[in-house]
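In my numbering, the protein residues as written are 928 to 1253. By construction, the Cβ of each residue, glycine as well, lies at the ideal position given by its N, Cα and C atoms.
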Ligand code: HEM
């Protein structure tokens, strides 16, 4: 009897420990979170995202960036999705964010099957993963269970990195979110897809660091090409973040940086700075190493500051992603 009791106590603590391990790693998200409450959520999100991206392939990079901007400001809590004056989405740091309609439509579809169960923050985390897969990028399992937050204030978006900040500042902004230099270099590889508006890099073409001339590190044919896309007066045109392959997931982004074809100064600097150069070279040589590192870093990014029932976080399951429930 005593032996049986101690086996029972031992297995009870073992099960507690494994539940702990499941939850502890990322402050509360876990795999299979909706396996009983909404078992088909991943398929629903995937088919909805695919539907939108089939119609407009530029929505794939848009969804990835949207998730990054959600996570970097008050954690991955859907705060970037809330509409209204003074909200995060109105901040200049969030200029050009797109894909909100994909999240709203996907949420409506999920809500029809599983009302009040799946958070907008989780839908966005899944949509970002699916968007990467649909461009031929790596896949990863997304731990789930995020709650949607209540706070969404434009000023908070200043924690986002800017394209003209030095690597030291980018590193400290990432470190403030628990993300390492390795995460910075791997996650910047998201710029293998998508575009940027001239306003973020035209200073490199005409008046770099107030010199009245262009950034000498920019390769000459890229410079001419970009000057024709962005005549000095215009700031609304878009240029590929990854010259020559903006729609496909590959490691050209790193090769482009090394060759002086990085579009944003923050991209170009990753090769110029000694603390990040080695990783840029590694990912330029090995697309596989990049893919593995990117997937790992995305799981970290998508767990930044999450609120969950398990960690006692303050949040809700929004019915509509663009407004709080009350
Ligand atoms: C390291 C610091 C980073 C800086 C300074 C930065 C800056 C920018 C800027 C200025 C744009 C252009 C936005 C526009 O014109 O609409 C952009 C686009 C983009 N960023 Fe970043 N970014 C950074 C990191 C990241 C990370 C970590 C991710 C995702 C994991 C990401 C994903 C994207 C994507 C996919 C686009 C293209 C969006 C589109 O085509 O709609 N970025 N980024």
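Rounded to the nearest whole angstrom, the C-alpha separation of residue 1000 and residue 1015 is 8 angstroms. Taking 7 angstroms as the cut-off, the C-beta of residue 1218 does not count as close to any heavy atom of the ligand HEM. Taking C-alpha positions only, residue 1217 is separated from residue 1117 by approximately 10 angstroms. DSSP places residue 1165 in the strand class (E or B) of the three-state scheme.
Annotated three-state conformation of residue 1249 is coil, per DSSP. Membership of residue 1124 in any alpha helix (DSSP H) is not indicated; the residue belongs instead to the beta strand (DSSP E) covering 1122–1124.
Counting the other CB atoms within 10 Å of its CB gives residue 1068 a total below 16, which places it among the exposed residues. Nearest Cα to residue 1071 within the set 1020, 1234 and 1038: 1234. Rounded to the nearest whole angstrom, the CA to CA distance from residue 1239 to residue 1144 is 49 angstroms. Taken atom to atom, the span from the alpha-carbon of residue 1106 to that of residue 975 is near 30 angstroms. Considered as a whole, the stretch 981–1065 harbours 986–999, 1027–1040 and 1047–1061 as its complete alpha helix (DSSP H) runs of no fewer than 4 residues, in chain order. Residue 1037 and residue 972 do touch by the CB rule: their CB atoms are close to 7 angstroms apart, below 8 angstroms.
By the neighbour-count criterion, in which a residue is buried when 16 or more other Cβ atoms sit within 10 angstroms of its Cβ, residue 1183 is buried. Shown here, residue 1228 sits in a helix according to DSSP, grouped into three states. Here residue 1075 is bridged, per DSSP, to 1243. For residue 1032, the closest alpha carbon among the candidates 1083, 1020, 978 and 995 is that of 978. Counting only runs of 3 or more residues that sit fully inside the stretch 1129–1197, the beta strand (DSSP E) segments are 1165–1167, in chain order. One Cα belongs to residue 1155, the other to residue 1237, and the distance between them is close to 53 angstroms. For residue 1121, the CB falls within less than 7 angstroms of some heavy atom of the ligand HEM. For the pair of segments examined, the stretch 1072–1079 was found not to touch the stretch 1163–1179: the number of CB pairs separated by less than 8 angstroms stays below three.
Put simply, the stretch 1204–1215 touches the stretch 1108–1117. At least three CB pairs are less than 8 angstroms apart. Pairwise C-beta distances place the stretch 1092–1099 out of contact with the stretch 1220–1227, as fewer than three of them are shorter than 8 angstroms.
The C-alpha of residue 1128 lies about 11 angstroms from the C-alpha of residue 1150. In the DSSP assignment, residue 957 forms a beta bridge with 1071. With 16 or more other Cβ atoms from the protein chains shown falling within 10 Å of its own Cβ, residue 1194 counts as buried.
Counting along the chain, residue 1110 sits inside the alpha helix (DSSP H) bounded by residues 1108–1115.
Between residue 1048 and residue 1003, the beta carbon gap of about 5 angstroms places them in contact (Cβ cut-off 8 angstroms).
In this chain, the alpha helix (DSSP H) harbouring residue 1096 covers 1094–1102. Residue 1035 counts as exposed, since fewer than 16 other beta carbons sit within 10 angstroms of its beta carbon. When C-alpha distances from residue 989 are compared across 1164, 1196, 1011 and 1055, the shortest belongs to 1055. According to the DSSP assignment, residue 1211 belongs to the alpha helix (DSSP H) that extends over 1201–1212. Shortest Cα-Cα distance from residue 984 to any of 1009, 1013, 1029 and 1012 involves 1029.
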